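Written below as structure tokens is the structure these notes are about.
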Amino acid sequence: MQIAEKQVVSIHYTLKDSEGNILDSSNGQEPLPFLCGANNIVPGLENALLGKSVGDKLDVVVQPEEGYGEVRADLVQKVDRANFQGIDDIQVGMQFMAEAPWGQQPVTVTKVEDDGVTLDGNHPLAGQVLAFSVEVTEIRAATEDEMQHGHVHTEGCDHQH
Ligand code: ZN
């Protein structure tokens, strides 16, 4: 079986930045399952995996446009402290869900000043070149439920449908 859309693919992976720092890894955990063709993983990695088989290992370098996108200045904005009523101690690094025109958007506090708080809605890995080392551990056909929901149903997963 070769990787194609409408399949559930499990991979072991290590993700490094361009300087070789490990950002994320499945090492010591279960392999990561994803539904191919459903935007579950970044396009650059998914495209590189198409046609691969169980046991294949590959190193993939993903540019920002095929990864988490470029850093967008329009996703960074300074807002009034009045938006944070009930939160006394706003600190750099805190994350909130913000209402954006396209829906809920996770934002990170990047600056706290007397006259306002700077929020960044970019993905933390936006603008980064990503280096993945991947091993394919399992490939199976997706179920109809999985196709409808656009994600993998793992054993014991109990999300509401
Ligand atoms: Zn589901």
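Numbering (the working numbering), first residue to last: 632 to 792. Beta carbons are placed, not taken as given, at the ideal position from N, Cα and C, and that holds for glycine. All values derive from a computational prediction rather than experimental measurement.
Asked, Found
"Counted within 10 angstroms of its Cβ, other Cβ atoms place Gly659 as buried (16 or more) or exposed", "exposed"
"Proximity of Ser684 and Leu663 at Cβ, strictly below 8 Å", "no"
"Contact test: His780 Cβ vs the ligand ZN heavy atom, cutoff 7 Å", "yes"
"Member of Ser649, Gln726, Asn671, Gln722 whose CA lies at the smallest distance from the CA of Gln759", "Ser649"
"Contacts around Gly698, its chain only, beta-carbon distance under 6 Å, and the 5 residues preceding and following it disregarded", "Val673, Gly675, Leu761"
"Best match in Asn678, Tyr644, Val740 for proximity to Glu636 [C-alpha to C-alpha]", "Asn678"
"Minimum C-alpha distance to Phe715 - residue among Phe727, Val707, Ile653, Asp705", "Phe727"
"Three-state secondary structure assigned by DSSP to Leu654", "strand"
"Any beta strand (DSSP E) of 3 or more consecutive residues that is wholly inside the segment 657 to 725", "663 to 666, 688 to 693, 707 to 710"
"Three-state class that DSSP yields for His780 in the structure shown", "helix"
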